[in-house]
Each structure stands twice: as C-alpha cells, then as structure tokens.
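Report on the following structure.
There are 2 protein chains.
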Amino acid sequence: MGGTTGVDQTAGADRAGSSSGVAAVLWPGEPRRKRGPRPKFSLDDVVDAAIAIADAEGLSAVTMQRVADELGSAKMALYRYVPGKAELAALMLDRALGLPPTNTSGRWRRRLRSWTVTMHERMSARPWTLELTVGRRTPGPHELAWLEQGVAALRSAPLDGAERLDTLALLANHVRGSVEQAAAIDQPETSLAESLEPILTAHADRFPQTVAAFTEAAATGRRDDAFSFGLDRILDGVAALIARRG
Amino acid sequence: MGGTTGVDQTAGADRAGSSSGVAAVLWPGEPRRKRGPRPKFSLDDVVDAAIAIADAEGLSAVTMQRVADELGSAKMALYRYVPGKAELAALMLDRALGLPPTNTSGRWRRRLRSWTVTMHERMSARPWTLELTVGRRTPGPHELAWLEQGVAALRSAPLDGAERLDTLALLANHVRGSVEQAAAIDQPETSLAESLEPILTAHADRFPQTVAAFTEAAATGRRDDAFSFGLDRILDGVAALIARRG
DNA sequence: CTAATCAGCGTCTTATAGACGCAATTAAAG
DNA sequence: CTTTAATTGCGTCTATAAGACGCTGATTAG
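Those protein sequence lines, which keep their order, are chains G and Z.
For the first sequence, my numbering begins at 13 and goes up steadily by one.
For the second sequence, my numbering begins at 13 and goes up steadily by one.
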C-alpha cells in the first residue's frame, strides 16, 4: 500500500520514555537559553511547517525530511527541537485543536452544543487530526482547556464528576466519528458511497434492509447532517437524565 | 518512538488500486483452483496467524516477516495470498468483528442495546481493532452484517433510512471511543490517570473544574462504566425522538 | 581570552513494505 | 504419458523513514 502515516505515541509496547517525552514537550518548563549558538528557528516554526504540510498534502506527507526541507534545514537538525516524531505529532494536534470557545453564559445545553460544534469545525478543517487522536495520548494544554470548558459548561447540571467527564467523552467521540465519516464521503475515490454501492448491489439479497436504508437516505437527500443528528440525540439523552433528577 | 503500526487502506493520496484490492479480498468471487502446485496454506491461515500475533503482542508486531515466521514460510510467499498489508489488515478486522448477534425479537431499544454491547465486547477483546477502524474503509461481509442487523433492529421505529444509519454510526462511534478509553486506562504505563495526574496537579489552578471532576470521579469509585453511561444517554435520546413522533 | 555549551547536520543503521523474476510443481491438453 | 501453461514459494533488491552518533563551529559565561 502506501499511506501508513503512523505516528502514535501509543507504541505497541514501548519503553515509557517516549510518552514522557511527549509530556515534556507539550508542557515545557522554563526555556533556559544559555551558551551555544542561537537556534535558527523556534519550536513553533517546526510545528507550523509540519502543519502546513499536513494541511496541503495530508499527514502522510509529513516526514522529518519534508519538514526540514520546508524549513530549509537538514533533517537531523529538527531533533534539536523535537525529541521525535511522536512529539511533533502531539504538538501538531494540540495546536490544531486550538483554544475552546469561552462561553460563560447560557444554559448547559447551549454551551455544550457550541463546544461540540466548534470542536467539529476545528477537526473538520484539519482532517488529519483524526489520525492523531488514536490511542492513549498525553493531552496538551489546549486539549485540557477544552476539557475544562466542557466541565464548566456542565457546572449547573445535577451530574457528578464522572458523569460530566463521560458526557464530554461521549460528545468528543461523536465529533471524531462524524469528521471521519464526512472525510470519507468527501473523498472522491474510496468514498463511502463509491465503495459501498457496488458491494451492496452485488449482495443486495444478503443486506436488504441496509440497501433500503441507503436508498431511502439517498432519495431523501437529507444527508451530511449526521453530525447534527447525533448531537441532538446525545443532548436529548443528557437532558432526559437531568430532567429525571432536577 | 516505536509503535507506528500504520496500515490504513486510507493512504494519504494513493492510487485507487489499493482500495479495490481490499474490496476484492474481502468480497472474493469463485476461488478457481487450477494448475500450479497446491498452496502450502490458506488465506484463513494467514489471517489467523496475523490475528494471533496481534492478540499476543499488539498490532505493531504484525509485520509481513513476523506473520511469515509464524507460518514457517518466507515473507514474500505471503503476497501470493494477500496483495498487501492493507488487505491483510482489512481481513483481520472483519474476522475480529465476527457476526453480529441475531436477535429478531424484542423492541428496538433492547435489540440495539445488545447490538452495541456485543460490539463493545468484541472490540474490547481485540483492542487492536481500534487502529484498524481509522479512516475510510471498505466494509467486509461481517461489518455489513452488523449494519444489516442494526438497521433491522430499528425496523419498527418511526425513523427514516438516514436516521437509522446515523443512529448506528452514533452507537458505533461510542463503542469505538469507549474501547479506546478503556484501553488507555488499563495500560499500566501511559494510563489516563498516570499521565494526567502529574499534569493536573502541576496546573491545578488553570483547570480547577477538571481537577474537581476527576477528584470526585476517583472518590465515587464509579468508574469504567463510561460505556454504559453513554449508551444509555444515546438510547434515551433516540427514544425521545421516537416518542416525539410515535 | 578560554572553555563550557549547544546548534546544525553528515553519515550510518535499522526496520518494513513491496517489486521482480526464477525455478519447481502440478493439472490440463494433446 | 508426455508436453505445456499456470501457479506457488521465495531469494534478491529497492525504496522510504526514523533515529543514533559524533564532529564542527558558533556563542557566551567566567
């Protein structure tokens, strides 16, 4: 094949050193500049270059070599800024997420909705974030800020801590899934419809209800609002729980 | 770092040939055995070997070389059975999913619930399926069977085709997210708590509500039923929609 | 001015996927 | 029962990446 991309700080079964490197880069202490020659660029420059490449050509185009080319330096020079590719990927992700919207007003439902919608926008704008949100990760400052805002949105709701966190995870998972689905549909080749149609028509007898559902969906034209649909369902479900208590 | 694993039939920007290869392997025509020497093993043997390795050592341990070793043959011999690694991965996934539970009885809610719970069990048993459900994929026979069962479960509900599909996607995404989270927690190193604790305590002032939520969650002990929580919320939400119509 | 540091980076090593082609094998065709 | 064509196993070679190591030269603390 070709893609691969693979970056994961998750690492099948690595030494723990790698992940602590991620944490160190995401949560730096004081920079301490000292003796040697001044760096040619900054960590942010490196991350920006990597993001630019990912935006333009996808995550698989982001190789250390390519990033170095973009910066006009040699590959190995990058390792003065980043311990490894996993760390670079973590930085890319946290930067791509950005800061959450800071709504302090409104009820929990409106606030949670905008939280989720904004996250959806951010990730849709950078589909490569999908591949970076696989497996156990160390959350960066931005990601934690999202969590904080989300928990804050549920402050007034009669839910305990675990329930708040679970609710946010539920919403975040929905965002992730929706973006993935949308990305698959937009793709001309290998789109959901493109790859399913031939299979479904060839085996229509084995999957009658699925065929019917897709046919109806195509006819209705009511498409690509899968995200909104799911979001409303989730919020309704949370509202039901809250109503049952409040 | 180390992991990487990367397999994705998604391939940053490949020729379409790769994905059609996936479809061809997942949905084979008639086998036609002809002239040459009899194959030393079967496609299933190859997939089984790969799955055994993934179960034992994680997906990153599944290399063509390793699979060949397992089978007692040479690496390149595998390419007589599988066009490439992406196809092998697709086969592993479809096999891991297995067939869905076939409940024809009960209301939509009970049926959907067992559908989701079973999927959760399957994927939890094989956490490596997570990494294989990233990006646009060509669904295999088992995966389509799941879809069919899911749509069937919603047969009696007053939802249109798109809504049924969206509901199933919502549930499937929740499963995926839950398994991922659980896998992160179980991991001794890099566990959610392990990596968050030091960060949260170090920056407790910046994320007060998050700290509070985690503290409360830890105190309550009410943990790891994040899956059930989300599932109930989703089903409640769908029920609300249905109630509003029925 | 001298020495401790630190940046840039050339070179080499280590996976891993996969292309290609050859030789052995076996069933179909004569 | 040969001939022949398809088909398998697989050795060899290539391409792509990440990253280890150590040297050189810049820069600044003392």
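The C-beta atom is built at its ideal place from N, Cα and C for all residues, glycine as well.
All values derive from a computational prediction rather than experimental measurement.
(request) Note down, one range per segment and in chain order, each alpha helix (DSSP H) of at least 4 residues found wholly within the stretch 74-116 of chain Z. (result) 76-83 and 97-109
(message) For the stretch 209-228 of chain G against the stretch 150-161 of chain G, do three or more pairs of beta-carbon atoms, one drawn from each stretch, fall closer than 8 Å, so that the two count as touching?
(response) no
(request) Determine the chain Z residues that contact G:Arg167 at a beta-carbon separation under 9 Å, and present them in chain order. (result) The count along the first sequence starts at 1 and reaches residue 167 of chain G at position 155. The contacting residues are Gln221.
(message) Am I right that G:Leu144 and G:Leu105 are in contact with their C-beta atoms under 8 Å? What's the rounded C-beta distance?
(response) If you number the first sequence from 1, residue 144 of chain G lands on position 132. If you number the first sequence from 1, residue 105 of chain G lands on position 93. With a Cβ gap of about 4 Å, G:Leu144 and G:Leu105 count as contacting.
(message) I need the straight-line Cα distance from G:Ser190 to G:Pro51, nearest angstrom please.
(response) Along the first sequence, one-based indexing puts residue 190 of chain G at 178. Along the first sequence, one-based indexing puts residue 51 of chain G at 39. G:Ser190 and G:Pro51: Cα-Cα distance of roughly 41 Å.
(request) Using three-state DSSP, classify Z:Arg218 as helix, strand or coil. (result) Here residue 218 of chain Z corresponds to residue number 206 of the second sequence, with the count starting at 1. Here Z:Arg218 sits in coil by DSSP.
(request) Take G:Ala35 as the anchor and find which of G:Arg148, G:Arg119, G:Leu83 and G:Pro210 has the nearest alpha-carbon. (result) Position 23 of the first sequence, counted from the start, is the residue given in the question as residue 35 of chain G. Nearest of G:Arg148, G:Arg119, G:Leu83 and G:Pro210 to G:Ala35, Cα basis: G:Arg148.
(message) Please state whether the Cβ-Cβ distance between Z:Trp140 and Z:Leu243 is less than 7 Å.
(response) Walking along the second sequence from the start, residue 140 of chain Z turns up at place 128. Walking along the second sequence from the start, residue 243 of chain Z turns up at place 231. Their beta carbons are not under 7 Å apart, which means Z:Trp140 does not touch Z:Leu243 by this criterion.
(request) With 7 Å as the threshold, decide whether the Cβ of Z:Leu90 is near any Cβ in chain G. (result) Your numbering for residue 90 of chain Z matches position 78 in the second sequence. No, Z:Leu90 lies away from the interface with chain G (no Cβ there is under 7 Å from its Cβ).
(message) Please return the same chain residues whose Cβ sits closer than 7 Å to the Cβ of G:Ile246, not counting the five positions on each side in sequence.
(response) The residue given as residue 246 of chain G occupies position 234 in the first sequence. Answer for G:Ile246: Leu182, Leu183 and His186, listed in chain order.
(message) Rounded to the nearest angstrom, what separates Z:Glu155 and Z:Gly110 at their Cα positions?
(response) For the purposes of this step, residue 155 of chain Z is taken as residue 143 along the second sequence, with counting starting at 1. For the purposes of this step, residue 110 of chain Z is taken as residue 98 along the second sequence, with counting starting at 1. Cα to Cα, Z:Glu155 sits roughly 8 Å from Z:Gly110.
(message) For Z:Gly84, count the other beta carbons within 10 Å of its own beta carbon; 16 or more makes it buried, fewer makes it exposed. Which is it?
(response) Here residue 84 of chain Z corresponds to residue number 72 of the second sequence, with the count starting at 1. It counts as exposed.
(message) One question on the structure: do Z:Ala174 and G:Thr75 come within less than 7 Å of each other, judged by their Cβ atoms?
(response) As a working note, residue 174 of chain Z is residue 162 in the second sequence. As a working note, residue 75 of chain G is residue 63 in the first sequence. Against a cut-off of 7 Å, the Cβ pair of G:Thr75 and Z:Ala174 comes out as no contact.
(request) Please determine, among Z:Ala238, Z:Leu208, Z:Phe241 and Z:Arg47, the residue with the shortest C-alpha to C-alpha distance to G:Met152. (result) Here residue 152 of chain G refers to the residue found at position 140 of the first sequence. The question names Met, but residue 152 of chain G in the sequence shown is Gly. Checked all of Z:Ala238, Z:Leu208, Z:Phe241 and Z:Arg47; the closest Cα to G:Gly152 is Z:Leu208.
(message) As a quick exercise: from Z:Ala165, Z:His132, Z:Met88 and Z:Gln77, pick the residue whose alpha carbon is nearest that of Z:Thr116.
(response) Locating residue 116 of chain Z in the second sequence gives position 104, counting from the first residue. Per the Cα distances, Z:Ala165.
(request) Consider the Cβ of G:Phe241: report whether some Cβ of chain Z lies at a distance smaller than 7 Å. (result) If you number the first sequence from 1, residue 241 of chain G lands on position 229. Closer than 7 Å: yes.
(message) For Z:Phe239, which residues in the same chain have their Cβ closer than 7 Å to its Cβ, ignoring the five residues on either side in sequence?
(response) To locate residue 239 of chain Z, count along the second sequence from 1; it is residue 227. Closer than 7 Å at Cβ, skipping near neighbours: His132 and Ser190.
(message) How far does the alpha helix (DSSP H) with Z:Thr145 in it extend, from its first residue to its last?
(response) The count along the second sequence starts at 1 and reaches residue 145 of chain Z at position 133. Per DSSP, Z:Thr145 belongs to no alpha helix (DSSP H) and is neither H nor E.
(request) Measure the alpha-carbon distance for Z:Ala68 versus G:Arg122 and round it to whole angstroms. (result) As a position in the second sequence, residue 68 of chain Z is number 56, starting the count at 1. As a position in the first sequence, residue 122 of chain G is number 110, starting the count at 1. Those two C-alpha atoms are separated by around 46 Å.
(request) Please name the residue, chosen from Z:Met135, Z:Thr130, Z:Ala157 and Z:Pro49, that lies closest to G:His211 on a Cα-to-Cα basis. (result) On the first sequence, residue 211 of chain G is found 199 positions in, with the first residue counted as 1. Here the sequence assigns Ile to residue 211 of chain G, which means His is not the residue at that position. For G:Ile211, the nearest C-alpha among the options comes from Z:Ala157.
(request) Would you verify that the beta carbon of Z:Leu156 is, or is not, closer than 7 Å to some beta carbon of chain G? (result) The residue labelled residue 156 of chain Z in the question sits at position 144 within the second sequence. Answer yes: the Cβ-Cβ gap between Z:Leu156 and chain G drops below 7 Å somewhere.
(request) Verify the CB distance criterion: does G:Leu83 have a CB-CB separation below 7 Å to chain Z? (result) Along the first sequence, one-based indexing puts residue 83 of chain G at 71. No - not a single Cβ of chain Z is within 7 Å of the one on G:Leu83.
(request) Identify whether Z:Glu42 lies in helix, strand or coil by the three-state DSSP scheme. (result) Mapped onto the second sequence, residue 42 of chain Z falls at position 30. It is coil, neither helix nor strand.
(message) Counting C-beta neighbours from all protein chains within 10 Å, is the total for G:Ala28 16 or more, i.e. buried, or is it exposed?
(response) Taking the first sequence and counting its residues from 1, the one referred to as residue 28 of chain G is at position 16. Any reading at G:Ala28 must be qualified, since the residue scores a pLDDT of 34, below 50, and its modelled position is unreliable; the value itself is stated next. So G:Ala28 ends up on the exposed side.
(request) Return the CA-CA distance between Z:Ser168 and Z:Gly118, expressed in angstroms with no decimal places. (result) The residue you call residue 168 of chain Z lines up with position 156 of the second sequence. The residue you call residue 118 of chain Z lines up with position 106 of the second sequence. Taking the straight line joining both Cα atoms gives about 10 Å.
(message) Here's the rule I'm using: 16 or more other beta-carbon atoms within 10 Å means buried, otherwise exposed. How should Z:Glu42 be labelled?
(response) In the second sequence, counting from the first residue as 1, residue 42 of chain Z sits at position 30. It is exposed - the Cβ of Z:Glu42 has fewer than 16 other Cβ atoms within 10 Å.
(message) Please state whether the Cβ-Cβ distance between Z:Val59 and Z:Arg107 is less than 7 Å.
(response) As a first step, residue 59 of chain Z must be located in the second sequence, where it is residue number 47. As a first step, residue 107 of chain Z must be located in the second sequence, where it is residue number 95. A contact, by the Cβ cut-off of 7 Å.
(message) So the candidates are Z:Leu38, Z:Leu100 and Z:Ala229; which of them puts its Cα closest to the Cα of G:Asp172?
(response) As a first step, residue 172 of chain G is located in the first sequence; it is residue number 160 there, counting from the start. Comparing Cα positions, the closest option is Z:Ala229.
(request) Under 8 Å between beta-carbons, which chain Z residues line up against G:Ala164? List them in chain order, please. (result) Here residue 164 of chain G refers to the residue found at position 152 of the first sequence. Neighbours of G:Ala164 on chain Z, chain order: Gln221.
(message) Please tell me whether G:His132 has its Cβ less than 7 Å away from any Cβ of chain Z.
(response) For this step, residue 132 of chain G is matched to residue 120 along the first sequence. By this cut-off, G:His132 is not an interface position.
(message) Residues in the same chain with beta-carbon distance under 6 Å from G:Leu253, minus the five sequence neighbours each way, listed in chain order, please.
(response) The residue given as residue 253 of chain G occupies position 241 in the first sequence. So the list is empty, once near-sequence residues are dropped.
(request) With DSSP as the reference, label Z:Phe259 as helix, strand or coil. (result) In the structure displayed, chain Z extends from 13 to 258; residue 259 of chain Z sits before or after that span and is not available.
(message) Does Z:Thr128 pass the burial test, meaning 16 or more other C-beta atoms within 10 Å, or should it be called exposed?
(response) As a position in the second sequence, residue 128 of chain Z is number 116, starting the count at 1. Flag for Z:Thr128 reads buried.
(request) Measure the alpha-carbon distance for Z:Arg138 versus G:Gly48 and round it to whole angstroms. (result) Here residue 138 of chain Z is taken as the residue at index 126 of the second sequence, counted from 1. Here residue 48 of chain G is taken as the residue at index 36 of the first sequence, counted from 1. Approximately 49 Å between the Cα atoms of the pair.
(message) Against G:Ala224, what residues of chain Z qualify as contacts under a CB-to-CB distance less than 9 Å, listed in chain order?
(response) For the purposes of this step, residue 224 of chain G is identified with residue 212 of the first sequence, where counting begins at 1. Those are Val163 and Gly173, listed as they occur along chain Z.
(request) With 7 Å as the threshold, decide whether the Cβ of Z:Ser207 is near any Cβ in chain G. (result) Taking the second sequence and counting its residues from 1, one reaches residue 207 of chain Z at position 195. Chain G contact via Cβ: present.
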